[in-house]
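**Student:** After the structure tokens below, expect a handful of questions from me.
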Amino acid sequence: MKKTYIAPLALAFAVAGLSACKQESAPAEAAPEGIAGVEISNARLVLPAVKGNPGALYFDIVNAGDEFVAMRAVAVTGAKEAMMHETIDEGGTTRMAAMAPLSLDKGVPVSFAPGGKHVMVMDLDENLAAGDTTEATITFAGGDKQSFPVKVEAPGGSD
């Protein structure tokens with residue numbers, strides 16, 4: 594009785610042949626963070642004069658891109674919470690109010706500045722000091738995010 598080794602030999606050659614075709618996989622490209630055309634500048638976090646009080650984040654932003662953009666939220670590294678606010682004048686009395694998502698019209702700069710729009714930054718890390726740099730991240734409608742460096746300043750707005 595003769596044994597046939599054809600099937601096992603064919604399988605061995607097929608496996609060896611396929612292993613020679615192994616392709617190197619290229620690393621996946623990370624999706625770019627941010628939105629094309631959104632430019633953020635002059636970012637600064639002003640520390641509170643009294644420890645435990647909120648600080649304020651100010652910056653300039655412009656949508657120089659072609660897409661509709663709306664800011665939904667802001668987060669700051671070193672803070673437990675950050676909220677977009679604006680100062681409202683009601684019959685000679687000013688107060689702060691939480692902002693709804695902010696539409697950024699194409700080419701129209703928006704300033705987050707004292708006495709106007711700002712980001713109130715609560716529960717700041719005690720280790721943040723004037724002269725440091727931290728990071729803020731804006732979340733836009735649709736979930737896109739854009740991070741940017743923020744200079745930390747002493748109360749009163751200077752380091």
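Heads up: the sequence shown runs through residues 594 to 752, numbered per the working numbering. For glycine and all other residues, C-beta sits at the position ideal for the given N, C-alpha and C.
Determine the burial state of N646: buried for a count of at least 16 other Cβ atoms within 10 Å of its Cβ, exposed for fewer.
**Tutor:** For the purposes of this step, residue 646 is taken as the residue at position 53 of the sequence shown. With fewer than 16 other Cβ atoms within 10 Å, it is exposed.
**Student:** Could you compute how far the alpha carbon of K551 sits from the alpha carbon of E679?
**Tutor:** The structure shown does not extend to residue 551, since the chain is modelled only from 594 through 752, so no value can be given for it.
**Student:** Helix, strand or coil for D659? Go by DSSP, reduced to three states.
**Tutor:** As a first step, residue 659 is located in the sequence shown; it is residue number 66 there, counting from the start. Note: D659 maps to coil in three-state DSSP.
**Student:** For G648, does the count of other Cβ atoms within 10 angstroms reach 16, so buried, or fall short, so exposed?
**Tutor:** Locating residue 648 in the sequence shown gives position 55, where the first residue counts as 1. By the neighbour-count rule (16 or more Cβ atoms within 10 Å), G648 is buried.
**Student:** Starting from the C-beta of P707, find all residues in its chain whose C-beta is less than 6 Å away, skip the five residues before and the five after it, and write them out in chain order.
**Tutor:** As a first step, residue 707 is located in the sequence shown; it is residue number 114 there, counting from the start. Hits under 6 Å: none found.
**Student:** Would F652 and I633 qualify as a contact pair, given that the criterion is a beta-carbon distance under 8 Å?
**Tutor:** For this step, residue 652 is matched to residue 59 along the sequence shown. For this step, residue 633 is matched to residue 40 along the sequence shown. Yes, the Cβ-Cβ distance between F652 and I633 is below 8 Å.
**Student:** When you compare each of E683, S696, L638 and K673 to M664 by their alpha carbons, which one comes out closest?
**Tutor:** Stepping through the sequence shown from its first residue, residue 664 is reached at position 71. Measuring from the Cα of M664, the nearest candidate turns out to be S696.
**Student:** With the cut-off set at 8 Å, would you say A675 and V643 are in Cβ contact?
**Tutor:** Here residue 675 refers to the residue found at position 82 of the sequence shown. Here residue 643 refers to the residue found at position 50 of the sequence shown. The answer is no: Cβ separation not under 8 Å.
**Student:** Is G638 near V667, with beta carbons less than 8 Å apart?
**Tutor:** Walking along the sequence shown from the start, residue 638 turns up at place 45. Walking along the sequence shown from the start, residue 667 turns up at place 74. For the sequence presented, residue 638 should be read as Leu rather than Gly. Cβ distance not < 8 Å, so L638 and V667 don't count as in contact.
**Student:** Where does G735 land, buried or exposed, given buried means 16+ other C-beta within 10 angstroms?
**Tutor:** Position 142 of the sequence shown, counting from 1, holds the residue named residue 735. Result: exposed.
**Student:** Cutting at 6 Å between CB atoms, please list the residues of its own chain near V655, excluding the five before and the five after it.
**Tutor:** By one-based count along the sequence shown, residue 655 stands at place 62. Cβ within range, chain order: E632 and P702.
**Student:** May I have the straight-line CA-CA distance separating A690 from G749, to the nearest angstrom?
**Tutor:** Taking the sequence shown and counting its residues from 1, one reaches residue 690 at position 97. Taking the sequence shown and counting its residues from 1, one reaches residue 749 at position 156. Between A690 and G749, the C-alpha separation is close to 22 Å.
**Student:** By the DSSP assignment, the beta strand (DSSP E) with P702 in it spans what residues?
**Tutor:** Locating residue 702 in the sequence shown gives position 109, where the first residue counts as 1. Per DSSP, P702 belongs to no beta strand (DSSP E) and is neither H nor E.
**Student:** Here's the rule I'm using: 16 or more other beta-carbon atoms within 10 Å means buried, otherwise exposed. How should E728 be labelled?
**Tutor:** Along the sequence shown, read from residue 1 onward, the residue named residue 728 stands at position 135. With fewer than 16 Cβ atoms within 10 Å of its Cβ, E728 is classed as exposed.
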